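Q: Below you will find the structure I want to go over with you.
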Amino acid sequence: MADLKLSDVGKTYGGTVEVLKHIDLDIEAGELIVFVGPSGCGKSTLLRMIAGLEKITAGTLEIDGQKVNDVPPAQRGIAMVFQSYALYPHMTVRDNMAFALQIAKKSKEEITASVERAAKMLQLEPYLDRLPKALSGGQRQRVAIGRAIVRDPKVYLFDEPLSNLDAALRVATRIEIAQLKEAMPDRTMIYVTHDQVEAMTLADRIVVLANKGIAQVGAPLELYETPKSEFVAQFIGSPAMNLLPGEITGTGTRTKVKLAGGGTAVSDVPSTEADLGLKVNVGIRPEDFTIAQQAALYRGKVEMTEALGEVTLLHFAADEGAKEPVIAKLPGIHKGLRGDEVGLAADPSKVHLFAEGTSLLYR
Amino acid sequence: MSPIVQGILTIIIGVGGCIGYFYASNILLDRVIFPPKTDDQGRNIRRATMVRPWLFLLPAILALGLYLVYPVVGSFLRSLYNRSGNEFVGFGNYVQMFAEHGFRVALFNNFLWVVFVPAGATFFGLLVAQLTDRLKWGNIAKSLIFMPMAISFVGASLIWKFVYAADPDIGIINAIRDYFGAAPVDPMQIPFWNNFFIMFIMVWMQTGFAMVILSAALRGIPEETIEAAIIDGANPFQIFFRIKVPQIAGTIVVVWTTITFLTLKVFDIVYTMTGGNFDTEILPSYMMDYMFRDDGRATAVAFVIMVIVTPVMIWNIRQARREL
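Listed below in structure tokens is the structure:
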């Protein structure tokens, strides 16, 4: 119903401190977009700029084809759910949800109907006359969502809505949000989180923010399978992707890389003859490693293991020239590997190549 | 002995006495009464821990008893005796007093004070707290408004005596009137309204107090609730009255009641401004009129004041406890 268009949007505080610059982003109506990024990357700021709580200092923001830079928040057709719930502590659940409609001078019947509908949707009916302090964290968050629903906005904004909930509730509420989205397919939603799982499961598209700008935009699996940069590659997925330094020794539809640690990696990423001798980082996700006695691209001593049951994490010493230790994630239970020399191999289709931080796929 | 030496000595004896008291009483408790050495160590330590708070409270309880409880009882008994204190008259002083025009004027004026001073001071305090909240020079403004708090009631009254002075060369009000060609008036002699001119001094002084407390309370409101209200479309007035004020309602009550019983006790302002003339008498100044002349009557007034103050105070303490 509403599409958003950010063109060259930037944010500067006090004329000197730049937190965001050159943000170009098209959000289609009905999409669920997730902003992720390391803390301090400006993802919440960007959301607050869309909400109208922060001034946009550069560029333009359009909602539904209309420039809204200077439109007050209430008239932008947005609703926001805050991390801290931000319920009005002196009002009952009913009044919390009705407040926006009361301000908008809607009729009593209309307000009652909207509130009841939202309460039913979120199973809040038994709590309508309670004060927020008499509710659990999960219920409070549902009231906050209800407050947004009642206003029937074109765009929903979620600012880390699950961060204050415990693990079990987080999963349950996440599923509720996914169902909510399904029930309102034409509503656009923008969701800020630092939690990868939330991002991967909820998003139609993920926007990774870093270094004051957008690092990559794409569908969750697109970011996972073909990350544009080392940063995105390491940010999506846990544990982070391993990076092993090396030099290209063979080019063509497949690329051969001689690793600094001695092994040879083969990648399906194509290269040209000009790339011969190029210094690259070979990126392999921990879960893409397999144990191999022959033709291992990496060989090392297992320094530590973490058995999680469904998977076992093997920690190796950092490879020569690499910053971080190598980690392999093997499905199932593997006992007694600690201290052993283990060889690791990876399927060429799962081997990424990065030159100076950027993937060779995106040259 | 010179007064300076005397003063220093007093301080040494006072502070030293306090330290000595706590030190000695603790030793007494831990070593002599409940020594942890014997077989039942644990029990003795527990007992000593139970007694210790009372040990620390004892001097305060004694002092409060001597200077607060005894005078209350003593005053009440005194109010049942006649002027010279040698004849028991029962509630005669009270009966006489309530029949008197002067007392009823004082009671009515006091009622006006209790209604308008706390309301005015809290209102202006809240207004200033809100208006200066986001201002760059807000803190300077706040300091200026807070300053009258540091002046004594008599000092403040003297300042306002100049403001209200009938001579256009001294009083600013009459100076302004003079500029427009109006004849000078004495605000202190305008019946009924003179009460409000005097009350304004108290409001002027207490606004600072209200402002400081309410300003802190306003800052304590979660920013997100205000942002949520902005998104909900509330205008600044609606945010103030429907989001902010309800959230600090408890603090407003504390400020209001605190100023209320301050007001019920104030005597100096009226005494300095008019001496209780021109129908500006309030209960404390009325009481002072009789003090040393008719202690029976004066203590009866004091008791009436106490009876009025006590419920406000209880409410205040309850509310303050809930807030803090």
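Those sequence lines, one after another, are chains A and B.
At position 294 of the first sequence the residue is numbered 282 (this note's numbering), and the sequence of numbers has no breaks.
In this note's numbering, each residue carries its 1-based index in the second sequence increased by 39.
Ideal placement from N, C-alpha and C gives every residue a C-beta, glycine not left out.
Note that the coordinates shown come from a computational prediction; the quantities given were computed from them, not determined experimentally.
On the DSSP letters alone, give me the boundaries of the beta strand (DSSP E) that Thr239 of chain A sits inside.
A: First-last for Thr239 of chain A: undefined, no H or E at that position.
Q: Mind checking if Ala39 of chain A is an interface residue toward chain B, Cβ cutoff 8 Å exclusive?
A: Taking Cβ atoms only, chain B reaches closer than 8 Å to Ala39 of chain A, which makes this a yes.
Q: Check the Cβ of Gln286 of chain B against every Cβ in chain A and list those closer than 7 Å, keeping chain order.
A: The answer, in chain order, is Pro77, His78.
Q: If we count Cβ pairs, one from each stretch, closer than 8 Å, do we get three or more for the region 257 to 266 of chain A versus the region 234 to 242 of chain A?
A: Enough Cβ pairs lie closer than 8 Å, so yes.
Q: Pull up the DSSP beta-bridge partners for Pro233 of chain A, would you.
A: In the DSSP output, where bridge partners are listed per residue, Pro233 of chain A has A:Asn269.
Q: Assuming Leu20 of chain A and Ile38 of chain A form a contact by the criterion Cβ under 8 Å, report the distance between their Cβ atoms to the nearest whole angstrom.
A: Actually they do not touch by this definition, with Cβ atoms about 14 Å apart.
Q: Do Thr313 of chain B and Met227 of chain B have their beta-carbon atoms positioned less than 8 Å apart in this structure?
A: For Met227 of chain B and Thr313 of chain B, yes; Cβs fall inside 8 Å.
Q: Would you say the beta carbon of Pro157 of chain B comes nearer than 7 Å to a heavy atom of the ligand NAP?
A: In terms of ligand content, the structure shown is empty, and the ligand NAP therefore cannot be addressed.
Q: May I ask you to verify whether the region 235 to 247 of chain B touches the region 186 to 205 of chain B, counting CB pairs closer than 8 Å and requiring at least 3?
A: Counting Cβ pairs under 8 Å, three or more are found: they touch.
Q: Pick from A:Leu(-8), A:Val254, A:Ile137: whose alpha carbon is nearest that of His340 of chain A?
A: If we check each option's Cα against that of His340 of chain A, A:Val254 comes out closest.
Q: DSSP three-state call for Val22 of chain A: helix, strand or coil?
A: Here Val22 of chain A sits in strand by DSSP.
Q: Please classify Ser123 of chain B: is it buried, with 16 or more other beta-carbons within 10 angstroms of its beta-carbon, or exposed?
A: Looking at its Cβ environment, which holds fewer than 16 other Cβ atoms inside 10 Å, Ser123 of chain B is exposed.
Q: For Glu312 of chain A, does the three-state DSSP call read helix, strand or coil?
A: Of the three classes helix, strand and coil, the one that applies to Glu312 of chain A here is coil, per DSSP.
Q: Going by C-alpha distance, which of A:Lys323, A:Val314, A:Thr300 is nearest Gly288 of chain A?
A: Of the listed residues, the one whose Cα sits closest to Gly288 of chain A is A:Val314.
Q: Ile15 of chain A to Val(-3) of chain A, Cα distance in whole Å?
A: Taking the straight line joining both Cα atoms gives about 14 Å.
Q: Along chain A, in chain order, which residues have C-beta atoms closer than 7 Å to that of Gln277 of chain B?
A: The contacting residues are Ile91.
Q: Say whether chain B places a C-beta atom closer than 8 Å to the C-beta of Phe146 of chain A.
A: No, Phe146 of chain A lies away from the interface with chain B (no Cβ there is under 8 Å from its Cβ).
Q: With the cut-off set at 8 Å, would you say Asp263 of chain A and Asp335 of chain A are in Cβ contact?
A: Against a cut-off of 8 Å, the Cβ pair of Asp335 of chain A and Asp263 of chain A comes out as no contact.
Q: May I have the straight-line CA-CA distance separating Asp78 of chain B from Leu67 of chain B, to the nearest angstrom?
A: Cα to Cα, the separation comes out at about 19 Å.
Q: Could you tell me which chain A residues have their CB closer than 7 Å to the CB of Asp264 of chain B, listed as they occur along the chain?
A: According to the sequence displayed, residue 264 of chain B carries Thr and not Asp. Those are Ala74, Tyr76, listed as they occur along chain A.
Q: Taking Phe137 of chain B as part of the alpha helix (DSSP H), name the residues at either end of that continuous run.
A: 131 to 137 is the span of the alpha helix (DSSP H), which, as asked, contains Phe137 of chain B.
Q: Taking the beta strand (DSSP E) that Met292 of chain A belongs to, which residues open and close that run?
A: Element bounds for Met292 of chain A: 286 to 295.
Q: Between the region 294 to 308 of chain B and the region 270 to 286 of chain B, are three or more C-beta pairs nearer than 8 Å?
A: No, the region 294 to 308 of chain B is not in contact with the region 270 to 286 of chain B.
Q: Report yes if the C-beta distance between Gly18 of chain A and Thr176 of chain A is below 8 Å; otherwise report no.
A: Yes; because the gap between Cβ atoms is below 8 Å, this pair is in contact.
Q: Mind checking if Pro149 of chain A is an interface residue toward chain B, Cβ cutoff 8 Å exclusive?
A: False, the Cβ-Cβ gap to chain B never drops below 8 Å.
Q: What does Met177 of chain A reach in chain B if we use C-beta pairs closer than 9 Å?
A: Neighbours of Met177 of chain A on chain B: none; closest Cβ ~15 Å, over 9 Å.
Q: So, Arg117 of chain B versus Thr338 of chain B, is the Cβ gap smaller than 8 Å?
A: Contact: yes.
Q: For the alpha helix (DSSP H) containing Met177 of chain A, list its first residue and its last residue.
A: Per DSSP, Met177 of chain A belongs to no alpha helix (DSSP H); it is in the beta strand (DSSP E), 176 to 180.
Q: Quick check: what's the CA-CA separation for Phe342 of chain A versus Lys311 of chain A?
A: Cα-Cα distance, rounded: 15 Å.
Q: Does DSSP put Ser196 of chain B in a helix, in a strand, or in coil?
A: Note: Ser196 of chain B maps to helix in three-state DSSP.
Q: Going by alpha carbons, who is nearest to Asp172 of chain B out of B:Ala255, B:Gln135, B:Phe150?
A: That would be B:Ala255, whose Cα lies nearest to the Cα of Asp172 of chain B.
Q: Nearest-angstrom Cα distance between Val90 of chain B and Val71 of chain B?
A: Those two C-alpha atoms are separated by around 13 Å.
Q: Short of 8 Å in beta carbon distance, which residues of its chain neighbour Ala160 of chain A, apart from the five on each side in sequence? Order them along the chain.
A: Within the same chain, Ala160 of chain A has close Cβ partners Gly126.
Q: Counting contacts by CB-CB distance shorter than 8 Å, is Ala255 of chain B in contact with chain A?
A: So, not an interface residue.
Q: Could you tell me the alpha carbon to alpha carbon distance between Leu110 of chain A and Gly28 of chain A, rounded to whole angstroms?
A: Cα to Cα, the separation comes out at about 32 Å.
Q: Using a Cβ cut-off of 9 Å, pull out every chain A residue sitting near Pro261 of chain B, in sequence order please.
A: Going along chain A in sequence order, the residues near Pro261 of chain B (Cβ under 9 Å) are Ser72, Ala74, Pro77.
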